[in-house]
Every structure is written in C-alpha cells, then in structure tokens.
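Per the UniProt record's numbering: the sequence shown ends with 860, consecutive numbering throughout.
C-beta atoms are modelled at their ideal positions from N, C-alpha and C, and glycine is treated no differently.
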Amino acid sequence: MFVSTALLAKNYFVAPNGLDSNAGTLGAPFKTIQKAADVMIAGDKCYLRKGTYREKVSVKVSNVVFEAYNNEFVVVSGADVISAWTRYSGEIYKARLSNVESEFTQVFFKGKHQHIARYPDKNNDDMFSIEDGYAPLEVKTGGKVVFDTAPNGGTNYWKGGYFRAISGKTWVNPTGKIKGSTGKDLTCDMITKSWIDGYDKCVGRGVGYILHLNALSKAGEWYYQDNTLYFWKPGGGKPSDTEVEAQKREQAFFISEKNNITLKNIHIKAASIALKNSNNCVIDGCSFHYPKGWFTRPDYSASYTELGGVYVKGNNNIFRNCYFDGGWGSHLSYESGDNNEVSNCFFENNGWMGMFTSSIYNGSSNLDVNHSSFASTGRFHIRTHNATDIKHCDFYDCMKMGQDAGSIEITNGGNWGVPVDMKGSEIAYNKFHDMNTLHSYNDKKNFVVAFYLEGAENYTVHHNLIYNIQTDEKQGSFVYLGPRKSKIKKCYYYNNTVWNVDKLVNVWNRDNKGEISSSEFVNNILDSRAEIDWGNPSLESGVSFIKNQLISNPNNIFVNASQANFSLKNGSAAIDFGKNINGITDNYKGVAPDAGCFEKGNSNWTCGSSLQRPQFPDDDGSFSDDATVIEEIEFVNLASSFVQNRELTVRVAHTTSEKRDIVVILTSPNGTWLGNKKISAEAGANETDLTIAFDDQLELGNNYKLEAMIRLSGGAYTDNILVKTAFIDINSERANSLSSKQNSFVYPTILNEGESDFVSDSDETKTSLSLDSSTGVSLMDQNVRVSPNPFVNSFKINFGGADVNFIKLYDTKGQLVYSQPVQSNTSDIEVFVENNCAPGLYLLQVGNNKSVQTVKLLKK
1 MFVSTALLAK
11 NYFVAPNGLD
21 SNAGTLGAPF
31 KTIQKAADVM
41 IAGDKCYLRK
51 GTYREKVSVK
61 VSNVVFEAYN
71 NEFVVVSGAD
81 VISAWTRYSG
91 EIYKARLSNV
101 ESEFTQVFFK
111 GKHQHIARYP
121 DKNNDDMFSI
131 EDGYAPLEVK
141 TGGKVVFDTA
151 PNGGTNYWKG
161 GYFRAISGKT
171 WVNPTGKIKG
181 STGKDLTCDM
191 ITKSWIDGYD
201 KCVGRGVGYI
211 LHLNALSKAG
221 EWYYQDNTLY
231 FWKPGGGKPS
241 DTEVEAQKRE
251 QAFFISEKNN
261 ITLKNIHIKA
271 ASIALKNSNN
281 CVIDGCSFHY
291 PKGWFTRPDY
301 SASYTELGGV
311 YVKGNNNIFR
321 NCYFDGGWGS
331 HLSYESGDNN
341 EVSNCFFENN
351 GWMGMFTSSI
361 YNGSSNLDVN
371 HSSFASTGRF
381 HIRTHNATDI
391 KHCDFYDCMK
401 MGQDAGSIEI
411 TNGGNWGVPV
421 DMKGSEIAYN
431 KFHDMNTLHS
441 YNDKKNFVVA
451 FYLEGAENYT
461 VHHNLIYNIQ
471 TDEKQGSFVY
481 LGPRKSKIKK
491 CYYYNNTVWN
501 VDKLVNVWNR
511 DNKGEISSSE
521 FVNNILDSRA
531 EIDWGNPSLE
541 SGVSFIKNQL
551 ISNPNNIFVN
561 ASQANFSLKN
571 GSAAIDFGKN
581 INGITDNYKG
591 VAPDAGCFEK
601 GNSNWTCGSS
611 LQRPQFPDDD
621 GSFSDDATVI
631 EEIEFVNLAS
641 SFVQNRELTV
651 RVAHTTSEKR
661 DIVVILTSPN
671 GTWLGNKKIS
681 AEAGANETDL
691 TIAFDDQLEL
701 GNNYKLEAMI
711 RLSGGAYTDN
721 ILVKTAFIDI
731 NSERANSLSS
741 KQNSFVYPTI
751 LNEGESDFVS
761 DSDETKTSLS
771 LDSSTGVSLM
781 DQNVRVSPNP
791 FVNSFKINFG
801 GADVNFIKLY
811 DTKGQLVYSQ
821 PVQSNTSDIE
831 VFVENNCAPG
841 LYLLQVGNNK
851 SVQTVKLLKK
C-alpha cells in the first residue's frame with residue numbers, strides 16, 4: 001500500500017506588517033502583493049489583509065484570485081507617502097519626488113485630494129464649476145492668450161507653467177506650455193493642434209487658468225516640477241512624514257496575456273488597472289478613485305490609453321459591483337475584444353479635463369452594459385464605436401465641461417461617408433435625465449443630447465425614459481442622427497417616454513449627401529412643445545412616425561411628472577394607444593400596447609446601480625497609513641490527549657482588531673457535536689482558558705475534533721472570521737507519558753486492563769532501539785520497523801507480522817498531521833509526506849485497539 005498527498009491550490013496571505021520572507025500564511029503573511037503574485041500558481045488565491053499597499057502588481061500566471069480577506073478594507077495605491085520636507089518659502093515646503101510615471105502627479109493630504117496651484121485659485125471641490133478656478137480671457141492665434149485680469153508679477157512671471165482654457169466652441173480646448181508672459185499676456189508653445197492650426201473651435205473668448213509654482217498662494221495647494229513637490233499644508237506648518245501622499249504609479253495591477261484573473265473587494269486609489277490581451281477576468285466589488293491626474297494631449301480624439309482610467313483589451317471580461325470616482329480623464333476604456341460586460345457599476349465625477357473624456361470609452365464588440373449608474377462627467381457617459389447593448393442604466397449630468405455632444409455618443413466622424421453599423425444593438429429600459437451644458441463662446445450653440453448617434457445605423461432604442469434635458473439656448477435634445485455624408489438605415493425608436501426637452505429629433509445633413517431610410521419612431525410619448533429639426537426636409541421621408549402620443553400637459557398622462565413618476569395614470573390617453581411590435585411590446589395588457597416606456601398593469605422596469613459610495617477610512621481627512629491588526633487564534637500548549645472527564649479546559653491565544661466572540665467547540669470522532677464554550681473578548685491580544693462542560697463523561701477514543709474560532713460579536717456559526725482545528729485523544733485517568741533521554745527513546749509500558757489501555761506514570765521502560773539513516777528505528781518488542789530515520793520525503797513501516805490497524809503522525813505541538821487506517825494482514829506501508837510536513841521532529845504512533853507504540857522521527 002502506498003499513500004501520497006495530492007497537490008492542492010494554496011491560499012496566500014498578505015498584510016502591511018508582514019514580511020516577504022514569511023511563508024505567506026495567515027499567521028505569517030507576506031508584506032507585498034507582488035511577493036504572492038511571484039509564487040502563485042494556477043488555482044491559488046491571495047487574501048489581502050486590511051491596510052494600504054503601495055505597489056504595482058504584475059500578475060504572473062492565469063487562473064488566480066486576489067481578494068480582500070473577510071471584506072476587510074484594502075487599498076492598493078499608486079501614491080507614496082512623501083517625507084523629508086524642508087522649507088521653500090513662507091508656508092510652502094518642498095520634498096523630493098522622483099520616478100513619477102505620469103505627466104503630472106496627484107497629491108493627497110490625510111487622504112483628501114488637494115488642488116494643483118493655479119491662477120485663479122480653486123476654492124471649492126466642484127471640479128466642473130467654471131465660476132471657480134477659471135478667469136475670463138481670449139485665446140488668439142499664434143499661441144497668444146490675454147487674460148481680462150491677472151496678477152502683475154513682472155516679466156515671465158508665468159514662464160514654465162501650463163495654460164488651459166475652455167474657449168471658442170467649447171469642445172476642443174487649448175493647452176500650451178507657457179514660454180513667456182507680461183502682465184495679463186501669455187505666449188505659449190501650443191500643444192493642441194486645433195490651436196496650432198488657428199481653428200475657431202478653440203480660438204476666441206473663453207475662460208481658463210494657469211498652473212505654476214508662482215500660483216501656489218494658499219493652503220491645500222501643491223505644485224510639481226523638476227522632481228520636486230511643493231506643498232502648503234492645510235493649517236500651515238511643516239508637513240509630517242506620514243500625512244502627504246503623491247501619485248507615482250499609473251497602475252495598481254498589470255495583467256497582460258493572463259486569463260481567468262479575479263480581483264475582488266479591492267479599492268484602487270490614484271491608479272488604475274490594465275487587462276491587456278487578457279480574457280475571462282472578473283473585477284468584482286472594487287473601486288477606482290482618482291485614476292488619472294492632470295495631463296496634456298494634442299488632439300480632440302484620443303487613444304484608449306491616453307485618457308487614463310482602467311484599460312481593457314480582451315474577451316469575456318466582467319466588471320461587476322464596481323465604483324468609479326474622480327479624475328481628469330476617463331474611467332474605463334475598452335480598446336478591443338468581444339463579449340465584455342459592465343454590471344451594477346457606478347460612475348461619477350470624472351473627465352475634469354473635459355475634452356473627449358468618457359465614463360466608458362468602447363471599441364470592443366458586443367459590450368453589455370447593464371444595471372449601472374452614470375452621474376456627473378465632463379463629456380460623454382458612454383462613447384462607443386461598435387455593437388453595444390445598454391440596458392437598465394441611469395444616466396444624468398453629462399457634458400459639464402463642453403457642449404455639442406451627448407450622454408451616449410456614436411459618430412462616424414473622420415469617415416463621414418461610412419455608417420457605423422451597430423449590429424442590432426439595443427438601448428433599452430434606461431433613464432436619461434437632468435442634463436445641461438456650457439455655452440459656445442463663439443456662437444449661441446448650447447447643444448446636449450441623450451442619444452448622439454451621428455451616422456449610426458442598425459440599432460433599436462426602446463423603453464427609455466428621457467426628461468429634463470434643456471439648455472439656455474433651447475438645444476437640449478432627445479436624439480441627434482446626423483447623417484452628414486452617410487446613408488443610414490434601420491434606426492428604430494420604440495416606446496420611449498420623452499418629456500421636458502427642447503428638441504425631439506435633430507438632423508444635420510451639412511453636405512447634402514446624407515440619407516435616412518427604413519427607420520421608425522413608433523409608440524413613443526413625445527413632448528409636443530419640442531420641435532423636430534430635419535435640417536434638410538428631404539430626409540423626413542425616410543423616417544416613419546407611427547402611433548406616437550404627443551402631449552403638452554403631463555398631468556393628463558402621468559401619475560406625477562414633476563416628481564419623476566411617469567407611470568400612466570388611470571384614464572391616460574396613452575393606454576392601449578400603440579401598436580404591437582414583435583419582441584418589443586410582448587406581454588402587453590389590454591387590447592393594444594400602451595405608448596411610452598411603462599405598460600399600465602405591468603410592473604415598471606427599474607434601472608441603475610444598487611451600489612453605495614464606498615466610505616474610504618480617510619475620506620474625512622483622518623488619514624492613517626497604519627498596518628492592520630492581523631486577527632489570529634491559536635491553541636496554547638495543547639496536549640495531544642486528555643483525561644476522561646465531564647469537562648475539558650484549553651487555553652487559546654487570540655488577537656482581534658475589535659470586540660469579538662471567542663468560541664471553542666468539541667466534536668466526537670464520528671462528527672457529533674459535544675459542547676462549546678463562548679466568551680466575549682475586547683480588541684487586542686490575550687490568552688484565555690475556556691472550559692467546555694459535558695452532561696456525561698466523555699468516551700475513550702482518538703481523533704476528537706477541537707475547534708477554536710474568532711467570531712463576529714453576537715454572530716452565528718456562519719459568522720466565523722477565523723477557525724483553528726486540532727485533534728485530541730481521550731484516555732483513562734492515567735495518560736500516556738513520553739520523554740527522551742539524550743540519544744535514546746523512552747516508551748511507556750502498555751498495560752491492559754479490560755478494554756482500557758493505559759500506562760503507569762512511574763513505570764518507564766527503555767526500549768532498545770537502533771538509529772541510523774540506513775537501518776531506521778526498530779520497535780523490538782512488537783517487531784515493527786520504521787526506516788529510514790531521519791527521512792526526507794517518505795518512510796516505510798514494516799509491521800513484522802504485528803496486528804496494526806492504524807498509523808498516526810503528530811508534530812511536537814500535538815497536532816495530527818497525518819492519519820491512515822491499515823488493513824488486516826498488511827505487511828508494510830510507505831508514507832509520503834513531501835509537502836505537508838516541514839523539516840523537524842515528529843511522533844509516529846502505530847497500533848490497534850489494544851496497544852499503541854510511539855516513536856520519534858526526524859524529517860530533514
């Protein structure tokens with residue numbers, strides 16, 4: 001008979017106060033996630049303990065999991081703590097900051113995001129407000145800028161800084177590096193190509209700001225140049241060596257050509273992640289805060305990596321239950337791939353740069369976005385160039401940093417004659433509401449739209465609720481179609497409810513070359529006060545308007561439109577007004593489908609994410625980079641056997657991060673629960689004796705299971721945080737005694753009294769043994785032989801005719817590490833212990849129900 005152990009997947013643990021020289025266990029965790037990533041193989045899991053990890057993790061193998069342990073709050077940060085501050089001038093201090101991967105950094109004081117030094121000052125945290133932190137100006141050709149007012153700091157006061165404006169038509173925004181200044185006038189090395197070319201897209205009146213060290217004029221501001229960080233601490237004084245963080249790394253996790261990677265319940269701050277040529281990955285319960293700092297770029301359009309945020313290139317990847325917040329760029333970009341999914345995610349407060357930024361920027365095929373929320377953003381919520389299904393989502397507050405675009409953006413710009421084939425995409429069961437935008441400074445354009453589907457075809461928009469999309473110039477619209485130079489078809493709009501918009505349909509056939517055909521608007525409830533702007537009347541013939549309910553008074557149709565309750569009221573004219581459309585109006589009530597997005601008599605569909613904003617421990621400014629308290633529980637000096645009794649006392653050592661229950665449970669060898677003891681322990685490290693009482697005396701036997709556990713205070717068995725298990729034997733009143741004297745082994749004499757086996761404490765018999773690596777250990781009185789001893793990976797037991805029915809191997813703490821039943825008449829067994837035993841001393845028991853022999857074995 002041969003016994004071997006199977007290679008099983010391992011769990012590794014990481015904690016901020018661990019050591020990379022540790023074994024990576026719960027009690028001896030690694031310090032860095034990268035150390036775990038370096039040793040993991042397929043099937044392994046890495047559990048992260050509470051705290052902040054400041055590293056970029058490169059995942060080395062496929063099919064592994066990185067997960068916060070027991071939902072502890074884990075942050076992987078792209079920022080490092082900055083120390084060694086010296087005074088620069090007045091309240092401004094400076095410190096060395098090198099190896100910054102991005103164009104600019106980001107700075108946090110006690111965890112709170114701080115403002116870049118700028119003229120004029122930014123006095124609030126609304127990054128979309130142009131009334132704060134922006135000054136009136138005029139952008140001219142040739143890199144010239146004239147502010148209406150500016151501090152007169154002398155010639156070249158702003159030289160070396162950066163200039164940024166929202167100007168001209170407010171969608172291509174100029175950026176430049178300042179090469180000279182005099183008073184209110186700047187001369188810039190132009191970065192933005194449209195500025196270089198002198199286009200009126202960006203030249204003209206507007207608002208803007210200057211980033212420069214000379215603009216560092218108030219507490220909470222910082223500036224970064226020449227590998228030096230300058231900072232005016234809130235409250236004044238020298239920053240401590242623990243309270244300021246600055247971003248260095250762009251990515252927290254880099255996953256390249258690896259599949260089946262899971263990140264779960266991990267919070268990413270001042271960084272993002274990259275999934276490059278990686279498939280079937282799951283990002284679940286994670287958050288991404290401030291993934292992109294301030295940056296420059298030359299064009300209006302941008303690559304999928306240029307705008308920052310999470311980058312994905314691959315198939316069948318899922319982002320589930322994730323929260324995205326903050327940053328100058330985009331949040332999530334798909335360069336290519338197929339069948340990716342975004343589910344129950346929340347996006348807000350991104351795109352502070354405002355030019356071409358998006359909550360989701362998609363170039364992959366068959367992207368599925370569902371049950372998610374899209375809040376404030378500088379420009380688009382979703383910009384896509386390929387088949388995309390968008391269902392059960394809530395969209396609001398887009399286009400905050402520039403006009404002439406929309407929440408959902410599809411365009412054939414750059415290839416105007418070729419339509420974008422959306423391949424049957426569905427946009428359904430969504431809300432689009434409460435959207436406004438900035439003015440164009442060069443004209444009166446003030447355009448924002450729910451569906452900017454310019455030159456797109458072969459899609460269906462149905463059962464959406466659109467309301468409160470209005471601008472000062474009456475240019476808030478339901479849908480814009482294009483088509484400019486392309487010939488589009490199969491644009492279907494069914495059962496949508498549209499109220500309180502300025503325009504219903506916008507068409508722009510600028511070059512009189514575009515066409516629309518085979519398109520329909522059916523069963524919609526439409527605001528009759530809003531106009532349809534066909535641009536070229538000849539295009540109207542390609543669109544069928546059938547069974548649309550036009551309304552001017554919502555009180556006659558809806559339950560309460562002023563409170564955003566657009567359910568149809570009893571007696572509404574929209575009830576049974578529509579026509580049946582296969583696959584769209586199935587399961588309607590009454591004699592015909594209702595018009596609009598909600599069918600009377602059916603439950604209203606729901607939309608949006610169920611997520612709440614994760615509360616970072618330092619959101620309130622109470623920053624702490626302390627390592628977590630690692631919760632642990634161990635038996636203390638646990639004997640391998642106990643005297644038969646009606647109670648059992650064990651000592652456990654426990655370390656907890658907060659108030660917990662400490663529980664010990666005893667289970668019989670056949671799995672029957674026998675009793676438990678529970679106490680309440682305050683946070684900290686303690687040792688406690690716990691006594692389990694029993695109604696009857698425990699039966700004699702081996703392999704009683706003893707469990708010690710840390711449990712949520714007042715929790716049930718399912719709320720255990722940590723469990724340690726040991727096995728003990730219950731013996732008669734005189735227990736086995738084992739000792740050693742120098743190089744000889746001492747064995748107790750086995751006495752048989754009835755069915756009980758015990759030894760006399762005073763009767764110690766020295767058994768004659770031989771010990772070397774070739775002959776091993778011989779138990780002379782039983783003819784049982786063990787060899788070799790010491791052993792490396794295995795040893796053999798020759799029973800020599802003895803009647804043996806079990807073997808057990810214990811470590812020196814009395815923990816059972818191996819057990820094997822032995823069939824009758826077995827002559828020998830080889831035991832393999834390659835991986836489940838560390839080098840050291842072990843106790844081997846060989847016996848039957850009448851007698852037991854014990855020998856010490858040494859594993860090299």
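Tell me, to the nearest whole angstrom, how far the beta carbon of residue i is from that of residue j; I am working on the premise that it is less than 8 Å.
{"i": "Val559", "j": "Asn553", "result": "Not confirmed; about 14 Å, so no contact."}
{"i": "Met422", "j": "Tyr396", "result": "Going by Cβ atoms, the distance from Met422 to Tyr396 rounds to 23 Å, so no, they are not a contact pair."}
{"i": "Tyr12", "j": "Gly27", "result": "In fact, because the Cβ distance is near 12 Å, the residues do not count as touching under 8 Å."}
{"i": "Gln247", "j": "Ala79", "result": "5 Å"}
{"i": "Val65", "j": "Lys45", "result": "4 Å"}
Determine the direct distance from the alpha carbon of residue j to that of residue i, and round the result to whole angstroms.
{"i": "residue 882", "j": "Tyr842", "result": "In this structure the chain extends from 1 to 860, so residue 882 is not present and cannot be described."}
{"i": "Lys177", "j": "Glu306", "result": "19 Å"}
{"i": "Ser62", "j": "Ile261", "result": "6 Å"}
{"i": "Lys292", "j": "Lys10", "result": "35 Å"}
{"i": "Leu858", "j": "Val342", "result": "55 Å"}
{"i": "Thr32", "j": "Gly285", "result": "21 Å"}
{"i": "Trp499", "j": "Leu526", "result": "6 Å"}
{"i": "Val479", "j": "Glu409", "result": "10 Å"}
{"i": "Asn259", "j": "Val312", "result": "12 Å"}
{"i": "Leu738", "j": "Lys808", "result": "A caution first: Leu738 carries a pLDDT of 30, below 50, which makes its placement in the model too unreliable to give a value."}
{"i": "Tyr162", "j": "Gln615", "result": "34 Å"}
{"i": "Glu243", "j": "Trp85", "result": "11 Å"}
{"i": "Val74", "j": "Asn265", "result": "8 Å"}
{"i": "Asp695", "j": "Arg646", "result": "7 Å"}
{"i": "Ile210", "j": "Trp328", "result": "16 Å"}
{"i": "residue 879", "j": "Ser77", "result": "Past the edges of the chain, shown from 1 to 860, lies residue 879, and the structure says nothing about it."}
{"i": "Asn524", "j": "Asn464", "result": "10 Å"}
{"i": "Phe254", "j": "His331", "result": "16 Å"}
{"i": "Leu700", "j": "Phe799", "result": "25 Å"}
{"i": "Ser194", "j": "Phe356", "result": "14 Å"}
{"i": "Ser301", "j": "Asn458", "result": "24 Å"}
Would the beta-carbon of residue i fall within 8 Å of that of residue j?
{"i": "Leu48", "j": "Val100", "result": "no"}
{"i": "Ile679", "j": "Thr667", "result": "no"}
{"i": "Glu103", "j": "Thr296", "result": "yes"}
{"i": "Arg118", "j": "Ser167", "result": "no"}
{"i": "Asn446", "j": "His439", "result": "yes"}
{"i": "Asn676", "j": "Ile665", "result": "yes"}
{"i": "Lys276", "j": "Ser256", "result": "yes"}
{"i": "Gly482", "j": "Gly455", "result": "yes"}
{"i": "Thr155", "j": "Ala135", "result": "no"}
{"i": "Leu568", "j": "Phe598", "result": "yes"}
{"i": "Leu706", "j": "Val650", "result": "yes"}
Give a yes or no on whether 8 Å exceeds the smallest Cβ distance from residue i to chain B.
{"i": "Asp325", "result": "Although the question refers to chain B, the structure presented lacks it and comprises just one protein chain."}
So does residue i have its beta carbon nearer than 7 Å to some heavy atom of the ligand HEM?
{"i": "Asn702", "result": "Inclusion of the ligand HEM in the displayed structure is not the case, the ligand content being empty and no account of it being possible."}
Quick one: what does DSSP say residue i is sitting in, helix, strand or coil?
{"i": "Thr718", "result": "helix"}
{"i": "Val172", "result": "coil"}
{"i": "residue 863", "result": "There is simply no residue 863 to check, as the chain begins at 1 and stops at 860 in what is shown."}
{"i": "Ser544", "result": "strand"}
{"i": "Trp673", "result": "strand"}
{"i": "Ile196", "result": "helix"}
{"i": "Val39", "result": "helix"}
{"i": "Asn848", "result": "coil"}
{"i": "Tyr290", "result": "coil"}
{"i": "Tyr157", "result": "coil"}
- Kindly confirm or deny that the stretch 87–95 and the stretch 269–287 touch, where touching means at least three C-beta pairs closer than 8 Å. The answer is no - the stretch 269–287 does not touch the stretch 87–95, with fewer than three Cβ pairs under 8 Å.
- Message: Three or more C-beta pairs under 8 Å: does that hold for the stretch 461–478 against the stretch 432–446?
- Response: yes
- Item | Three CB pairs or more closer than 8 Å across the stretch 368–379 and the stretch 391–409 | yes
- Query: Do three or more CB pairs link the stretch 585–602 to the stretch 473–480 at distances below 8 Å?
  - Reply: For the pair of segments examined, the stretch 585–602 was found not to touch the stretch 473–480: the number of CB pairs separated by less than 8 Å stays below three.
- Query: Would the stretch 357–372 and the stretch 383–394 be scored as touching if the rule is three or more Cβ pairs under 8 Å?
  - Reply: yes
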